[in-house]
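Report on the structure given below.
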Amino acid sequence: MADDNKLKTGTTTLGIVYSDGVVMATEHRATMNNVIAHKDVRKLFKIDDNLGLTVAGLVGDAQVLTRYVKAEIELYKLKRGAPMSVNAASTLLANLMRNGGGSYGFYYVGLIMGGIDKNGGHLFSLDSAGGLIEDYFISVGSGSPYAYGVLEDNYKPNMSEDEAVNTAIRALNAAMRRDSASGDGYAVAVINKDGFRELSAEESLKRAEDMNLMVGFAKHY
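The numbers in full-length UniProt numbering rise by one with no breaks, and the one at position 97 of the sequence shown is 97.
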């Protein structure tokens with residue numbers, strides 16, 4: 001088990017495949033034991049123009065894995081002259097995790113790799129043992145049971161970008177209302193043929209307000 005005194009990201013992370021790509025989203029809170037240690041922690045990362053990664057678990061382990069996979073994918077692009085597919089990037093990361101390392105002899109994290117390639121949008125969940133599962137919507141972290149309730153009710157094949165973004169915000173909001181390790185705002189990104197675009201805090205907050213969601217967190221700029 002992880003030491004309660006190590007910094008954890010909590011948390012609620014999720015991804016949704018939509019008609020033209022994927023939407024990925026997290027909140028901002030990090031906890032240490034029962035203390036809210038930080039309120040503006042990044043858990044959503046641009047890995048490449050066509051790839052994003054969300055992280056839950058120990059902050060140190062997540063940062064190591066994020067740096068590693070970004071470096072490996074950049075090296076691949078230099079050698080091949082082409083971006084890495086979502087499946088290949090996810091498999092690369094899963095193999096690293098399967099080989100051990102991290103704070104406890106394994107990486108105490110739960111990850112979502114998402115992106116777009118010539119075969120369309122894809123999402124993969126990765127566990128600390130290197131398990132790799134593809135799905136059309138995924139949530140990882142302590143708030144995931146609450147997020148999954150919204151995702152199950154609202155997901156539909158070939159949903160639009162607006163529908164996917166709003167569903168992601170609704171799912172995060174449900175988790176933040178019930179999970180004490182999740183909170184303090186939304187981080188939302190869209191990945192499609194035009195690249196990786198992260199919504200501003202103002203845009204995410206306005207969408208939440210337009211949907212009459214219970215927000216109850218500080219704005220992040």
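Where is the CB? At the ideal position from N, CA and C, for every residue including glycine. Note that the coordinates shown come from a computational prediction; the quantities given were computed from them, not determined experimentally.
8 angstroms contact criterion, which residue i and residue j should meet: CB distance rounded
i: residue 51; j: residue 73; result: 7 angstroms
i: residue 170; j: residue 192; result: Wrong, their Cβ atoms sit about 21 angstroms apart, outside the cutoff.
i: residue 97; j: residue 128; result: 7 angstroms
i: residue 121; j: residue 21; result: 5 angstroms
Residue i burial status per 10 Å Cβ neighbour count (16 or more: buried)
i: residue 207; result: buried
i: residue 166; result: buried
i: residue 71; result: exposed
i: residue 195; result: exposed
i: residue 199; result: buried
i: residue 78; result: exposed
i: residue 205; result: buried
i: residue 221; result: Low local confidence applies: a pLDDT of 36 at residue 221 is under 50, so the model's placement there is unreliable, and no value is given.
i: residue 202; result: exposed
i: residue 61; result: buried
i: residue 209; result: exposed
Beta-ladder partner(s) of residue i, from DSSP
i: residue 133; result: 125
i: residue 139; result: 14
i: residue 24; result: 15 and 189
i: residue 169; result: Note: residue 169 sits in no beta bridge, so no partner.
i: residue 194; result: DSSP, once it has assigned bridges, lists no residue as partnering residue 194.
i: residue 73; result: DSSP, once it has assigned bridges, lists no residue as partnering residue 73.
i: residue 93; result: Residue 93 pairs with nothing; no bridge assigned.
i: residue 117; result: 120
i: residue 81; result: Paired residues: none, contrary to the question.
i: residue 208; result: DSSP output for residue 208 lists no bridge partner at all.
i: residue 52; result: 46 and 114
i: residue 41; result: Its beta-bridge partners do not exist; DSSP assigns none.
Nearest candidate by alpha-carbon position, reference residue i, set the options
i: residue 140; options: 120, 115 and 109; result: 109
i: residue 112; options: 174, 189, 78 and 200; result: 189
i: residue 55; options: 88, 125 and 81; result: 125
i: residue 163; options: 211, 118, 65 and 64; result: 211
i: residue 59; options: 68, 42, 79 and 137; result: 42
i: residue 11; options: 194, 186 and 203; result: 186
i: residue 16; options: 97, 172 and 62; result: 172
i: residue 91; options: 132, 157 and 148; result: 132
i: residue 144; options: 160, 158 and 178; result: 178
i: residue 19; options: 137, 84 and 148; result: 137
i: residue 310; options: 82, 57 and 25; result: The displayed coordinates of the chain run from 1 to 221. Any statement about residue 310 would go beyond what the structure contains.
i: residue 174; options: 121, 148 and 66; result: 148
Cβ-Cβ distance between residue i and residue j below 8 angstroms
i: residue 114; j: residue 107; result: no
i: residue 94; j: residue 47; result: no
i: residue 23; j: residue 168; result: yes
i: residue 117; j: residue 69; result: no
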